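Heads up, the UniProt record's numbering is the position in the sequence shown plus 70, with the first residue counted as 1.
Think of the CB as a built atom: it goes at the ideal place given N, C-alpha and C, for glycine as much as any other residue.
These numbers were taken from a predicted model, which means no experiment stands behind them.
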Amino acid sequence: LVSREHHLDRSVVTVAGVPFGPDTLTVIAGPCAVETPSQTLEAARLAKAAGAALLRGGAFKPRTSPYAYQGLGERGLRILADVSAETGLPVVTEVIDPAGVELVAPYADMLQIGTRNMHNFALLQEVGAAGKPVLLKRGFGATIEEWLMAAEYIAQRGNLDIVLCERGIRTFETATRNTLDISAVPVVQRLSHLPVIVDPSHSGGRRDLVLPLTRAALAVGADGVMIDVHPDPGTALCDGNQALTRVEAAEVATAVAILSPLM
Ligand code: PEP
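Quick look at the structure:
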């Protein structure tokens, strides 16, 4: 269902009126995790400075360590709803288990499946039936074929509003958190009609790499990027090292604006 054999032309997926697909560069930005109302509102303003059309933010955080910040849960979803109402930015937020879909879906304009859950087939099927667009991140140990099959689980439930997100894979390299597989973008665009965006924040795990990786993503033809921003990265409860502040967020907006007419 997600292959170009099934659907020859590249698809446009629309999320609360915001298009993803050919001819557009769509930016999603926001805090890695929702922490407080003011932090989320400030981050949403930074997201706008980065040129974002959608606000990201995790209320449920699937962390590698059970001792790391796990998110505010439903309270975080309510904060996202308030900030969305105030800023006009639709919400992209992660759901981490099948039982959580019923709770998260009403708050989400787009449901995010994170890298650790790409192989959670029960969850994929549940979001496939939830009636909301889905942002499907690539598993950090998944091949492109496995990633597309994960999308197929969602599509099989009648939901073809899927945006794929390359977020880096695990390699022998330790200088970056993960290795951004930049070639995955054109490879997947040839195999699948679904839009493909890149997360330069989680792949590199380093603030100084976000702008160069954004440029690389856009140059190679990605349909957008998803960026972490934070009003005070030094105090962030999750992934502060990769969060952009105002100046860097504006640089992302400039990179997108420069590359948009070249598409
Ligand atoms: C995220 O985007 O909040 C996130 C946890 O990313 P990933 O699943 O790619 O690690």
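Cβ neighbours of residue i in the same chain (closer than 6 Å, five flanking residues each side left out)
i	result
leucine 181	Val165, Val197, Lys202 and Val204
glycine 184	Pro132, Glu164 and Lys207
leucine 250	Gly238, Ser273 and Leu283
Residues of its chain near residue i, where Cβ-Cβ distance is below 7 Å and the 5 sequence neighbours each way are ignored
i	result
glycine 91	Arg80, Ser81, Val82, Val83, Pro265 and Asp293
glutamate 156	Leu111
Straight-line Cα distance separating residue j from residue i
i	j	result
threonine 94	leucine 159	17 Å
proline 136	tyrosine 177	25 Å
valine 171	glutamate 144	12 Å
glycine 121	isoleucine 267	15 Å
aspartate 302	aspartate 269	20 Å
aspartate 278	threonine 96	21 Å
residue 337	isoleucine 297	Outside the displayed span of the chain (71 to 333) sits residue 337, for which this structure offers no information.
valine 326	leucine 288	7 Å
aspartate 309	cysteine 102	7 Å
arginine 260	glutamate 236	15 Å
residue 44	aspartate 179	This structure cannot settle anything about residue 44, because the visible part of the chain is limited to 71 through 333.
serine 271	alanine 323	15 Å
alanine 113	valine 299	6 Å
glutamine 226	threonine 213	20 Å
isoleucine 232	glutamate 222	10 Å
Boundaries (first-last residue) of the beta strand (DSSP E) holding residue i
i	result
glutamine 182	180-183
valine 82	No beta strand (DSSP E) contains valine 82, which DSSP labels as neither H nor E.
methionine 296	294-298
Per-residue burial, residue i [other beta carbons within 10 Å of its own, 16 or more giving buried]
i	result
threonine 110	buried
leucine 142	buried
valine 85	buried
glutamate 318	buried
arginine 247	buried
glycine 127	buried
glycine 87	exposed
phenylalanine 130	buried
histidine 76	exposed
residue 336	The chain is shown only over 71 to 333; residue 336 falls outside these bounds and no answer can be derived.
Contact belief for residue i with residue j at Cβ below 8 Å, rounded distance in angstroms
i	j	result
glycine 291	valine 255	6 Å
leucine 125	alanine 117	6 Å
alanine 200	alanine 175	5 Å
Residue i - containing alpha helix (DSSP H), residue span
i	result
lysine 118	107-119
glycine 146	144-157
leucine 307	Unbroken run through leucine 307: none, as it is neither H nor E.
valine 326	316-329
glutamate 243	Counting along the chain, glutamate 243 falls outside any alpha helix (DSSP H), and DSSP gives it neither H nor E.
threonine 284	277-289
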